[in-house]
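Chemist: My questions will all concern the structure given below.
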Amino acid sequence: GVNLMEFSDEILLHILSYVPCTDLVLNVRRTCRKLAMLCLDKSLTHTVLLQKDYKVNKDKVKQLMRDIGKEIYQLNMAGCYWLPSSTIDHVTRCKNLVKLNLSGCHVTSLRLSKMLSTLQHLRSLAIDVNPGFDASQLSSECKATLSRVLELKQTLYTPSYGVVPCCTSLEKLLLYFEILDRSREGFMLSGQLMVGESNVPHYQNLRIFYARLAPGYVNQEVVRLYLAVLSDRTPENLHAFLISAPGSFAETGATKNLLDSMARNVRLDALQLPKAWINGSGLLQHLKFNNPFYFSFSRCTLSGGHLIQRVINGGKDLKSLTSLNLSGCVHCLAPESLFRKAEDDIDSSILESLVVSCCNLRHLNLSAAHHHSSESIGNHLCQLLSRLKHLLSLALPVCSITDVAASVEKPPTAPNLMPQTFGRKVRIGVQTYPRNLADQANQKIESSVFWALMGSLRFLETLEIIGSSFSSAMPRNEPAIRNSLPPCVRAQSVGDSEVAAISQLTYLQSLTLAQLPNILTGSGLVNIGLQCQHLRTLSLANLGMMGKVVYMSALMDMLKHCKCLRDLRLEQPYFCAGAQFFQALSHCSSLQRLCIVSRSGTLQSDAVMSFMANCLEVIMCHMFMGESLTVCKNLQQSIVRSFQAERPALNVVIFPLLHEDLTEVIRDVPMRHLDEITLFKSRVAEEPPNLWW
Numbered sequence: 001g002v003n004l005m006e007f008s009d010e011i012l013l014h015i016l017s018y019v020p021c022t023d024l025v026l027n028v029r030r031t032c033r034k035l036a037m038l039c040l041d042k043s044l045t046h047t048v049l050l051q052k053d054y055k056v057n058k059d060k061v062k063q064l065m066r067d068i069g070k071e072i073y074q075l076n077m078a079g080c081y082w083l084p085s086s087t088i089d090h091v092t093r094c095k096n097l098v099k100l101n102l103s104g105c106h107v108t109s110l111r112l113s114k115m116l117s118t119l120q121h122l123r124s125l126a127i128d129v130n131p132g133f134d135a136s137q138l139s140s141e142c143k144a145t146l147s148r149v150l151e152l153k154q155t156l157y158t159p160s161y162g163v164v165p166c167c168t169s170l171e172k173l174l175l176y177f178e179i180l181d182r183s184r185e186g187f188m189l190s191g192q193l194m195v196g197e198s199n200v201p202h203y204q205n206l207r208i209f210y211a212r213l214a215p216g217y218v219n220q221e222v223v224r225l226y227l228a229v230l231s232d233r234t235p236e237n238l239h240a241f242l243i244s245a246p247g248s249f250a251e252t253g254a255t256k257n258l259l260d261s262m263a264r265n266v267r268l269d270a271l272q273l274p275k276a277w278i279n280g281s282g283l284l285q286h287l288k289f290n291n292p293f294y295f296s297f298s299r300c301t302l303s304g305g306h307l308i309q310r311v312i313n314g315g316k317d318l319k320s321l322t323s324l325n326l327s328g329c330v331h332c333l334a335p336e337s338l339f340r341k342a343e344d345d346i347d348s349s350i351l352e353s354l355v356v357s358c359c360n361l362r363h364l365n366l367s368a369a370h371h372h373s374s375e376s377i378g379n380h381l382c383q384l385l386s387r388l389k390h391l392l393s394l395a396l397p398v399c400s401i402t403d404v405a406a407s408v409e410k411p412p413t414a415p416n417l418m419p420q421t422f423g424r425k426v427r428i429g430v431q432t433y434p435r436n437l438a439d440q441a442n443q444k445i446e447s448s449v450f451w452a453l454m455g456s457l458r459f460l461e462t463l464e465i466i467g468s469s470f471s472s473a474m475p476r477n478e479p480a481i482r483n484s485l486p487p488c489v490r491a492q493s494v495g496d497s498e499v500a501a502i503s504q505l506t507y508l509q510s511l512t513l514a515q516l517p518n519i520l521t522g523s524g525l526v527n528i529g530l531q532c533q534h535l536r537t538l539s540l541a542n543l544g545m546m547g548k549v550v551y552m553s554a555l556m557d558m559l560k561h562c563k564c565l566r567d568l569r570l571e572q573p574y575f576c577a578g579a580q581f582f583q584a585l586s587h588c589s590s591l592q593r594l595c596i597v598s599r600s601g602t603l604q605s606d607a608v609m610s611f612m613a614n615c616l617e618v619i620m621c622h623m624f625m626g627e628s629l630t631v632c633k634n635l636q637q638s639i640v641r642s643f644q645a646e647r648p649a650l651n652v653v654i655f656p657l658l659h660e661d662l663t664e665v666i667r668d669v670p671m672r673h674l675d676e677i678t679l680f681k682s683r684v685a686e687e688p689p690n691l692w693w
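For the sequence shown, the UniProt record's numbering puts the final residue at 693, and the numbers step up evenly by one.
Below is the structure:
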């Protein structure tokens, strides 16, 4: 046999790099002298990542900082919402910290002041600004540390400048606005900053400005105050300017002055603007770009002609572009938008110019639009995209992947297609689904354009296939949606065979499928479970007919093979979360987070409790079903009472989907879970790659 300790130090260090730092320092290094030495190697202690170490608690953090605090240069505790605020006090032992991420942690202004006063080498900081934050409580030593910070990520839950005015040397500023329009008591909030917080931010050295707004008027008011300084004097070194704002965010005189100044004085490498700032303006014609790596024109009315002429310079070389978000940009593949309907065929020459010019794209989002290919041979959207050999993530509308011939031959009135409405359940007869890829291939010719696309993108890690008219039943700050729009006519033929084609993606890690109307058995899911062994995130929504979960049997077979699955989100009316489902889900030994959204859905409390007892890694259980409030509360309390002590990060929300208080319940969900899994959204090219470490 082979003795592990006989391996070279280099090999052992590589193996140990996959072990959480808390385990290395508190457990592994106590096994023998050799491992005791290796576990304290600088390559393992330089950067400590606790952001998804759900088993870490206050005592472990205290011991970790005591043992290796002086050796830590980068510490990431993002999303550690379960740790008490006193845990932050132990960070003061890390005297040499250069980078610190405390997003999602409970930090008061006094604790922040005490901690930062000791971190003189800090250059990168991420924090939350919560109600009650008072910048006047920051000590002079703390402000001295902040004056040397070059990178700041700040999540705002209350109108405030936070620590931005103290950071006089900022080069990178990331702002996340999560301020609600109403308080818990129902009072309207104002976006005006509190007295004493009107210090002017210092942007003169700024290179990257990024702002992401949650829905709400107050968030728009506050971000305008941050932008006001930029409109007076645009930083000369600014090369990335990004604002992500949902809904309508009107342009003002100040923002117009800012954009005019940018057009005159800077050359950008990354750009994202609210749709109202781009639509109908000649802004893109005047902005100058250097070596752009990220563009987002999400939800803009930008036509393909303008895209090619003003952004891609008439089809010139844009090899530097690695990430492009055209989600909801309904006319981006058409020469003009004035007289065009959203459902008209795309102009394949525009897509071809895009593919040729941006040949190094790694992330591409074309979702939330009708991209219908014509009958021209060789010009199908899937055929053109197959040339992008470097793609790592891709988001497409369902109607874009169908073969034109198939959609013509198979009209939406075919007998095997059920109406996409809620109502009386219809019994249909279906054949037993095939159990392996070979059988599936016999049912669907492998010459389909989507099958060929999946075969050409063998290194794809993230795939989203989302119906162009799909909307989740759980919007952000509104009551649950009771009705959904019907799928696109071109999408009616997309079903089990297309899902089976995805199983060719051997390295697939994240998969989202939403509003695929022709799912009859879900047979392709089994193939994905068998072939895609690296799958970590799975999100399924509104597959097949809406009155019945036709793919339940296939889903349960699929789950038995998903040993690496960590996040599972299911959104389907009439979903029955019963004993058989949870028994199959128990095979997912790595599962950490589960979210089920189901109008008129049911659950079995005993099955849920048994599942939680068997799956020891699960720390998040969110279920929004059709059960009564009493049933939901009793089950939630039982789970918390039984498992909270052993799982410090446990977060349980079980609540009726159509209850009027749903939005109040949602606001208490930790932002990490809410943003990453509970709320449905397209995540491909949502932000520039490597925006934050």
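Where is the CB? At the ideal position from N, CA and C, for every residue including glycine.
These figures come from a predicted structure and were not determined experimentally.
Can you check the segment 92–126 for any beta strand (DSSP E) of at least 3 residues that lies completely inside it and give the ranges in chain order?
Modeler: Taking only runs of at least 3 residues, the beta strand (DSSP E) segments lying wholly in the segment 92–126 are 99–101.
Chemist: Is the closest heavy atom of the ligand ADP to the C-beta of Ser471 under 6 Å?
Modeler: Among the components of this structure there are no ligands whatsoever, and the ligand ADP is therefore not found.
Chemist: Taking its Cβ as the centre, do 16 or more other Cβ atoms sit within 10 Å of Gly79, making it buried, or is it exposed?
Modeler: Under this definition Gly79 is a buried residue.
Chemist: Checking the sheet assignment: what are the DSSP bridge partners for His306?
Modeler: In the DSSP output, where bridge partners are listed per residue, His306 has none listed.
Chemist: Contact between the segment 214–228 and the segment 175–183 is defined here as three or more beta-carbon pairs at a separation below 8 Å; is this criterion met?
Modeler: Yes, the segment 214–228 touches the segment 175–183.
Chemist: What does the Cβ neighbour count give for Gln431, buried or exposed, with the cut at 16 atoms within 10 Å?
Modeler: In this prediction, Gln431 has a pLDDT of 43, which is less than 50 and means its spatial position is unreliable; what the coordinates show is noted afterwards. So Gln431 counts as exposed.
Chemist: Just how far apart, CA to CA, sit Asn205 and Ser628?
Modeler: The alpha-carbon atoms of Asn205 and Ser628 are separated by roughly 55 Å.
Chemist: If I follow the unbroken alpha helix (DSSP H) through residue 699, where does it start and stop?
Modeler: This structure cannot settle anything about residue 699, because the visible part of the chain is limited to 1 through 693.
Chemist: Could you tell me whether the segment 533–553 touches the segment 571–583, using the rule of 3 or more Cβ pairs below 8 Å?
Modeler: The segment 533–553 vs the segment 571–583: in contact.
Chemist: DSSP three-state call for Arg424: helix, strand or coil?
Modeler: Legend: pLDDT at Arg424 = 44, less than 50; position of this residue unreliable, value from coordinates given subsequently. In the structure shown, Arg424 sits in coil (DSSP, three-state: anything other than H, G, I, E or B).
Chemist: Name, in chain order, the residues that DSSP records as bridge partners for Asn76.
Modeler: Leu49 and Asn101, per the DSSP bridge assignment.
Chemist: Which residues does DSSP pair with Ala500 in a beta bridge?
Modeler: Paired residues: none, contrary to the question.
Chemist: Opposite Cys595 in the DSSP bridges: which residues?
Modeler: Cys595 pairs with Arg569 and His622.
Chemist: Using a Cβ cut-off of 7 Å (strictly closer), state whether Leu170 contacts chain C.
Modeler: No chain C is part of this structure, which consists of one protein chain only.
Chemist: For Ser349, does the three-state DSSP call read helix, strand or coil?
Modeler: In this structure, Ser349 counts as helix in the three-state DSSP scheme.
Chemist: Of all the options His673, Ile639, Leu520 and Asn279, which has the alpha carbon lying nearest to the alpha carbon of Arg593?
Modeler: Here the closest residue by C-alpha is His673.
Chemist: If you follow the alpha helix (DSSP H) that Asp269 is part of, which residue opens it and which one closes it?
Modeler: Run containing Asp269: none in the alpha helix (DSSP H); it sits in the beta strand (DSSP E), Arg267 to Gln272.
Chemist: Shortest alpha-carbon distance to His587 belongs to which of Leu565, Glu498, Asp606 and Glu221?
Modeler: Of Leu565, Glu498, Asp606 and Glu221, the residue nearest in Cα terms is Leu565.
Chemist: Taking the beta carbon of Lys172 as the centre, do at least 16 other beta carbons fall within 10 Å, making it buried, or is it exposed?
Modeler: So Lys172 ends up on the buried side.
Chemist: So what does DSSP say about Pro165, is it helix, strand or coil?
Modeler: In this structure, Pro165 counts as helix in the three-state DSSP scheme.
Chemist: Helix, strand or coil: which one does DSSP assign to Leu259?
Modeler: In this structure, Leu259 counts as helix in the three-state DSSP scheme.
Chemist: Below 8 Å on the Cβ atoms is my guess for Leu119 versus Thr145; work out the distance and round it to an integer in Å.
Modeler: Leu119 to Thr145, Cβ: 6 Å. Contact.
Chemist: Who are the near neighbours of Asn614 in its chain, counting only those whose CB is closer than 8 Å to its CB and skipping five residues on each side?
Modeler: So the list reads Ser586, once near-sequence residues are dropped.
Chemist: Could you give the first and the last residue of the continuous alpha helix (DSSP H) run that contains Leu173?
Modeler: Where Leu173 is concerned, there is no enclosing alpha helix (DSSP H), although the beta strand (DSSP E) it sits in stretches over Lys172 to Phe177.
Chemist: Going along the chain, which unbroken runs of the beta strand (DSSP E) with 3 or more residues stay wholly within the segment 447–471?
Modeler: The segment 447–471 contains these whole beta strand (DSSP E) runs: 462–466.
Chemist: Taking the continuous beta strand (DSSP E) assigned at Ile677, which residues delimit it?
Modeler: First-last for Ile677: undefined, no H or E at that position.
Chemist: Does the separation of the CB atoms of Leu242 and Tyr210 fall below 7 Å?
Modeler: Cβ atoms of Leu242 and Tyr210: closer than 7 Å.
Chemist: Gly626 and Ala607 - do their beta-carbons sit closer together than 7 Å?
Modeler: It is not a contact, given that the beta carbons lie outside the stated cut-off.
Chemist: What does Gln492 pair with, by DSSP beta-bridge criteria?
Modeler: None, per the DSSP bridge assignment.
Chemist: With a threshold of 6 Å on Cβ separation, who are the neighbours of Ala649 within its own chain once the five nearest residues in sequence on each side are excluded?
Modeler: Excluding positions up to five away in sequence, the list reads Tyr54, Trp82 and Ile619.
Chemist: Using beta-carbon positions only, say whether Leu658 and Ala480 come within less than 7 Å of one another.
Modeler: Yes, the Cβ-Cβ distance between Leu658 and Ala480 is below 7 Å.
Chemist: Would Tyr73 and His46 be called neighbours here (beta carbons separated by less than 7 Å)?
Modeler: Taking 7 Å as the Cβ cut-off, Tyr73 and His46 qualify as a contacting pair.
Chemist: Hey, would you say Arg267 sits closer than 7 Å to Thr322, going by beta carbons?
Modeler: Contact flag unset, no.
Chemist: Using a Cβ-Cβ cutoff of less than 7 Å, which residues in the same chain neighbour Asp347 once the five nearest sequence positions on both sides are dropped?
Modeler: If we look at Asp347 and ignore the five residues flanking it on each side, its Cβ neighbours are Gly304, Leu333, Ala334 and Pro335.
Chemist: Would Leu453 and Leu511 qualify as a contact pair, given that the criterion is a beta-carbon distance under 7 Å?
Modeler: Not a contact, by the Cβ cut-off of 7 Å.
Chemist: Is the CB-CB distance between Phe470 and Gln515 below 7 Å?
Modeler: Cβ distance < 7 Å, so Phe470 and Gln515 count as in contact.
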